[in-house]
Ligand code: LMR
């Protein structure tokens, strides 16, 4: 047979085989998982790990497409996309749920409410955490898990040590009324902005500073456009992994069971890497020599806490006094 005839025969065979293949392997269930941070962050790595184990354990019946770095949607848009079913899974930070009408999540933004991950886990892995996730269901959303990130640093182009240092500083915040109160309590001017816009806003001086765990600061290169980073650990930033309810409930039961187990393992993965990633990011910032790290004295930190307590007072009724009380009981928060 000539080469030409051979190629023609192969092409015909391929064309004939195609419909047979299509019948033999039904199209996989696609989960679009959108997020706003870099791949080498705790959330980015956990999303990739979830993809890996979900595809392996469902033997390809599920395909998870992870879209990092606001590639697909920015903060506010991704919530809308999830509700509309344009994406199936997200892990927004807990500060971003109030625009959905679920203000209770802002309890996590209260400054100094968690001293460490152990205190945080009493809430995220306890009854209060489960109760909060349930509140998403009337919004067409199911909360599957909490993923840790870490404790926030405060950055600016001037050293932020005393409360007075914040006066008049324009500080980028996430869309949370608690964070708005927190910055105002320090004398700063808060500005809500999507995460994807922060680097440029810092670079061009649209805002003077911001707050984030070191992993976000470092992977977005914010330290390259901020002269000072104060190691304040004044608040926590973490995530709720959420899915579109209709999509989740419409999955074959065996797939849902497998994915639930994968989420459990991905959560353990996320929480295991979070602290290490943040420690490494801080070391990276230090090594870069681009920003100077500032350690607060216990007295300076106590002054921040005292000033920021106003954010608790101003937001307790908005968040829900019962929820705030329950979290205080779990973590032992007191104003001073
Ligand atoms: C932010 O907007 O600062 C964070 O929520 C980004 C993230 O998802 O960690």
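In the numbering used here, the protein residues as written are 1 to 336.
Glycine residues also receive a C-beta, built at the ideal position from the N, C-alpha and C atoms.
As the structure is a computational prediction, the values presented were derived from the model and not from experiment.
Asked, Found
"Can you name the start and end residues of the alpha helix (DSSP H) that residue 216 belongs to?", "214-219"
"Compute the minimum distance between the beta carbon of residue 95 and the heavy atoms of ligand 1, and state whether it is under 7 Å.", "yes"
"Return yes when the C-beta of residue 195 is under 7 Å from any heavy atom of ligand 1, and no when it is not.", "yes"
"Just mark residue 3 as buried or exposed, buried being the case when its beta carbon has 16 or more other beta carbons within 10 Å.", "Confidence in residue 3 is poor, its pLDDT being 47 and thus under 50, which makes the residue's placement unreliable; the coordinate value appears in the next sentence. With fewer than 16 other Cβ atoms within 10 Å, it is exposed."
"Look up residue 151 in the DSSP assignment and give the residues it is bridged to.", "236"
"Are at least three pairs of beta-carbons, each pair with one atom in the stretch 212-220 and one in the stretch 26-45, less than 8 Å apart?", "yes"
"Would you kindly check if the distance between the Cβ of residue 123 and the Cβ of residue 327 is under 8 Å?", "yes"
"Evaluate the contact criterion for the stretch 158-174 versus the stretch 111-129: three or more CB pairs, one atom per stretch, below 8 Å.", "no"
"Assign residue 238 to one of two classes, buried (16 or more other C-beta atoms within 10 Å of its C-beta) or exposed (fewer than that).", "buried"
"Within the same chain, show all residues whose beta-carbon is closer than 8 Å to that of residue 164, passing over the 5 residues directly before and after it, in chain order.", "187"
"Just checking, does the stretch 134-147 make contact with the stretch 228-243 on the three C-beta pairs under 8 Å criterion?", "yes"
"My output table needs one value for residue 3: the three-state DSSP class, helix, strand or coil.", "Residue confidence for residue 3 is low, a pLDDT of 47 falling below 50, so the modelled location carries little weight; the figure read from the coordinates is stated next. Helix, per DSSP."
"Using 8 Å as the Cβ pair cut-off and three pairs as the minimum, do the stretch 23-32 and the stretch 86-104 touch?", "yes"
"Does the Cβ-Cβ distance between residue 190 and residue 281 come in under 8 Å?", "no"
"Could you check what DSSP says for residue 307 in three-state terms: helix, strand or coil?", "helix"
"Just grab the DSSP bridge partners of residue 208 for me.", "BP columns for residue 208 are empty, so no partner."
"What's the C-alpha gap between residue 301 and residue 232?", "7 Å"
"Mind checking who residue 244 pairs with in its DSSP beta bridge?", "141"
"Taking 7 Å as the cut-off, does the CB of residue 163 come closer than this to any heavy atom belonging to ligand 1?", "no"
"Using DSSP bridges, identify the partner residues of residue 191.", "172"
"Buried or exposed: where does residue 317 fall if 16 or more other Cβ atoms within 10 Å of its Cβ makes it buried?", "exposed"
"When you compare only the Cα positions, how much space is there between residue 307 and residue 185?", "6 Å"
"In the DSSP output, which residue or residues are listed as bridge partners for residue 63?", "30"
"What residues in its chain sit with their C-beta under 7 Å from that of residue 58, if we drop five residues either side in the sequence?", "255, 258"
"Evaluate residue 127 with the Cβ neighbour count: other Cβ atoms within 10 Å of its Cβ, from every protein chain shown; 16 or more gives buried, anything less gives exposed.", "exposed"
"Where residue 166 and residue 132 are concerned, what is the direct C-alpha to C-alpha distance, given to the nearest angstrom?", "33 Å"
"Would a C-beta distance cut-off of 8 Å place residue 52 and residue 28 closer than the cut-off?", "no"
"May I ask whether a heavy atom of ligand 1 can be found less than 7 Å away from the beta carbon of residue 340?", "No information on residue 340 is available, as it lies outside the stretch 1 to 336 that the chain covers here."
"At what residues does the beta strand (DSSP E) containing residue 327 begin and finish?", "First-last for residue 327: 321-331, but that is the alpha helix (DSSP H), not the beta strand (DSSP E)."
"To the nearest angstrom, how far is the alpha carbon of residue 157 from that of residue 209?", "7 Å"
"Taking buried to mean at least 16 other C-beta atoms within 10 Å of its own C-beta, is residue 309 buried or exposed?", "buried"
"Buried or exposed for residue 177, going by 16 or more other Cβ atoms inside 10 Å?", "buried"
"Check for me: the beta strand (DSSP E) holding residue 294 runs from which residue to which?", "292-295"
"Could you tell me whether the Cβ atoms of residue 229 and residue 181 are closer together than 8 Å?", "no"
"Rank 56, 76, 43 by C-alpha distance to the C-alpha of residue 66 and give the top, closest one.", "43"
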